[in-house]
Amino acid sequence: MSRTRTERLVNLVICLLSTRRFLTAAQIAATVPGYEHDPDDPRDHEAFQRKFERDKAELRELGVPLETGTASAFDAEPGYRIAHREYALPDIPLEPDEAAAVGIAARLWRHAGLAAAASSGLAKLRAAGIDVDPQATLGMEPVVTVDPAFAPLTSAARDRRAVTFEYRVPEGDAPTSRRLQPWGVVCWRGRWYVVGHDLDRAAARCFRLSRIVGGAVRVLGRPNAFEPPVGVDLISHVARFSGPVERSGRATVLVRPGRAAGLRRWAREVTSGPDGDLLVLPYAEAESLAGRLVGYGPDVRVVDPPEIREAVIQRLKEIAARHDDVVVARTSA
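Heads up: the sequence shown runs through residues -25 to -1, 1 to 308, numbered per mature numbering (1 follows the signal peptide of the UniProt record, and there is no 0).
#1: Work out the CA separation of GLY9 and ASP279 for me, nearest whole Å.
#2: What residues in its chain sit with their C-beta under 8 Å from that of PRO53, if we drop five residues either side in the sequence?
#3: Indicate whether the contact test is met: 3 or more Cβ pairs, each with one atom in the stretch 193 to 208 and one in the stretch 242 to 253, closer than 8 Å.
#4: Using alpha carbons as the reference points, say which of SER185, TRP158, CYS162 lies closest to HIS172.
#5: For VAL245, which residues from the same chain have a beta carbon less than 6 Å from its beta carbon, with the 5 sequence-adjacent residues on both sides left out?
#6: Roughly how many angstroms lie between the CA atoms of ARG276 and ARG231, to the nearest whole one?
#7: When DSSP builds the beta bridges, which residues end up paired with PHE182?
#8: For the beta strand (DSSP E) holding ALA242, just list the boundary residues, first then last.
#9: So, are the CB atoms of ARG(-21) and ILE187 less than 8 Å apart?
#10: Give me the Cβ distance between TYR55 and LEU41, rounded to the nearest whole Å; I'm assuming they're in contact under 8 Å.
#11: DSSP state of ASP208, grouped into three classes?
#12: Considering only DSSP beta bridges, list what ILE57 is partnered with.
#13: Which residues in the same chain as ALA1 place their Cβ atom closer than 8 Å to its Cβ, once the five residues preceding and following it in sequence are excluded?
#14: Nearest to ASP134 by CA position, among ALA200, SER(-8), TRP167, is which residue?
#15: Does DSSP put VAL192 in a helix, in a strand, or in coil?
#16: Provide the residue(s) that pair with GLY(-11) in DSSP beta bridges, ordered along the chain.
#17: Give me, in chain order, the residues of the same chain whose beta-carbon lies closer than 8 Å to that of LEU174; leave out the 5 immediate sequence neighbours on both sides.
#18: In whole angstroms, what separates the C-alpha of LEU238 from that of ARG225?
#19: Would you give the residue range spanned by the beta strand (DSSP E) that PHE140 belongs to?
#20: Going along the chain, which residues of its own chain have a beta-carbon closer than 8 Å to the beta-carbon of LYS31, five neighbours each way excluded?
#21: Could you tell me the boundaries of the alpha helix (DSSP H) in which LEU256 lies?
#22: With a 10 Å radius around its C-beta and 16 neighbouring C-beta atoms as the bar for buried, classify LEU100 as buried or exposed.
#23: Helix, strand or coil for SER130? Go by DSSP, reduced to three states.
#24: Helix, strand or coil, according to DSSP, for GLY224 in the structure here?
#25: CA-CA distance, ARG243 and ASP208?
#26: Give me the residue from GLU(-19), ASP19, PRO281, ASP16 with the minimum Cα distance to LEU34.
#27: Relative to the alpha-carbon of SER152, which residue among ASP274, GLY189, VAL161 has its alpha-carbon at the smallest distance?
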């Protein structure tokens, strides 16, 4: 089973953080899981190049300082690495209540599957003879936000089992029942999608996890009931169905001095003030931007517009409610 794009991006970041020299695209392809291809096959190599270009653009959009250069004047092909001086975070002092909030968020958002991917990526780096800096990723832990349907869908994709769920679309009044052979789950522009073969429509389809009613997913039939298409590009399916995103909205947020480096790189305008820096951020959907802002905790406060502020408050309420459910479940066990 091919790795998800999220795992591939995690391994790419670890790869470029774990060595101080520039790595060429060929070296990255031979090292990072998810980039396997035949360089002598023009079509296969072209597919790798498209995938690698998308991933580089995604990392830069997320605020990862990706550098391009060569290890020496004799190198004809450029390489890539992550600038440690720009990627490293300063010490973050937290008040007791802030530390508690961060602890709750970490327990809710941590996805243990990526930790295994990280370990595998470092092992492949060492096996390939690349000098790995053991301190570069010390304390680094991949953290993502996932929907309730994430775990059952990834399990079903791994086991090759069909699933059924109730799905609600924005233009529909009532949810409809869907039956799907899931090929995989991917993250696209801050949202999670499942891609697979829709049994009722006899065609490839993708579904946003947040629109699955209650996150309830039920498996159908036995394991190994189907095989995904060979070499399927899940991200391309999602991009084709979701269409281009126009970030015509503008949000103003107040950021503490020296904080939220990722937002600063993304901002259209930055104005310094006595209480912090005002950033003007482009956005397409309030919900998507709110999910990104919540990750910065107390370092970021929404000034305008009200729809973003309300979306952030709603996200925080959902996080608190999930934490309460976890506490109740553990108490009842």
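Beta carbons are placed, not taken as given, at the ideal position from N, Cα and C, and that holds for glycine.
Model, not experiment: these values are computed from the prediction.
On the basis of the supplied data:
#1: Translated into positions along the sequence shown, residue 279 becomes position 304. Translated into positions along the sequence shown, residue 9 becomes position 34. ASP279 and GLY9: Cα-Cα distance of roughly 40 Å.
#2: On the sequence shown, residue 53 is found 78 positions in, with the first residue counted as 1. The answer, listed in chain order, is PHE(-4), THR(-2), THR43, GLY44, THR45.
#3: Segments in contact, no.
#4: Position 197 of the sequence shown, counted from the first residue, corresponds to residue 172. That would be TRP158, whose Cα lies nearest to the Cα of HIS172.
#5: The residue given as residue 245 occupies position 270 in the sequence shown. Taken in chain order, the residues that qualify are ASP252, LEU254.
#6: Residue numbering aside, residue 276 sits at position 301 when the sequence shown is read from its first letter. Residue numbering aside, residue 231 sits at position 256 when the sequence shown is read from its first letter. Roughly 9 Å between the two C-alpha positions.
#7: By one-based count along the sequence shown, residue 182 stands at place 207. In DSSP, PHE182 forms a bridge with VAL169.
#8: Residue numbering aside, residue 242 sits at position 267 when the sequence shown is read from its first letter. Careful: ALA242 lies outside any beta strand (DSSP E) and carries neither H nor E.
#9: The residue labelled residue -21 in the question sits at position 5 within the sequence shown. The residue labelled residue 187 in the question sits at position 212 within the sequence shown. No.
#10: Within the sequence shown, residue 55 is the residue found at index 80, counting from 1. Within the sequence shown, residue 41 is the residue found at index 66, counting from 1. Yes, TYR55 and LEU41 are in contact; Cβ-Cβ is about 6 Å, under 8 Å.
#11: In the sequence shown, counting from the first residue as 1, residue 208 sits at position 233. Coil.
#12: Locating residue 57 in the sequence shown gives position 82, where the first residue counts as 1. Paired residues: LEU41.
#13: Residue 1 sits at position 26 when you count from the first residue of the sequence shown. PRO14, GLU52.
#14: Locating residue 134 in the sequence shown gives position 159, where the first residue counts as 1. Comparing Cα positions, the closest option is ALA200.
#15: Taking the first residue of the sequence shown as 1, we reach residue 192 at position 217. Here VAL192 sits in coil by DSSP.
#16: In the sequence shown, the residue the question calls residue -11 occupies position 15. The question names Gly, but residue -11 is Cys in the sequence shown. Paired residues: none, contrary to the question.
#17: Within the sequence shown, numbered from 1, the residue matching residue 174 stands at position 199. Cβ neighbours of LEU174 beyond the five flanking positions: ALA137, ARG154, LEU155, GLN156.
#18: As a position in the sequence shown, residue 238 is number 263, starting the count at 1. As a position in the sequence shown, residue 225 is number 250, starting the count at 1. Spanning the two alpha carbons is a distance of roughly 13 Å.
#19: Looking up residue 140 in the sequence shown gives position 165. Its beta strand (DSSP E) spans residues 137 to 142.
#20: As a position in the sequence shown, residue 31 is number 56, starting the count at 1. Same-chain partners within the cutoff: LEU41, TYR55.
#21: Here the question's residue 256 lines up with position 281 in the sequence shown. Run containing LEU256: none in the alpha helix (DSSP H); it sits in the beta strand (DSSP E), 251 to 258.
#22: Along the sequence shown, read from residue 1 onward, the residue named residue 100 stands at position 125. Low confidence applies here, because LEU100 scores a pLDDT of 49, under 50, leaving its location unreliable and the question unanswered by this model.
#23: In the sequence shown, residue 130 corresponds to position 155, counting from 1. The answer is helix: DSSP assigns SER130 an H, G or I state.
#24: By 1-based counting over the sequence shown, the position of residue 224 is 249. Correct three-state label for GLY224: strand.
#25: Taking the first residue of the sequence shown as position 1, residue 243 is located at position 268. Taking the first residue of the sequence shown as position 1, residue 208 is located at position 233. If you take the alpha carbons of ARG243 and ASP208, they lie about 32 Å apart.
#26: Numbered from its first residue, the sequence shown carries residue 34 at position 59. Among GLU(-19), ASP19, PRO281, ASP16, the Cα nearest to that of LEU34 belongs to GLU(-19).
#27: Here residue 152 refers to the residue found at position 177 of the sequence shown. Measuring from the Cα of SER152, the nearest candidate turns out to be GLY189.
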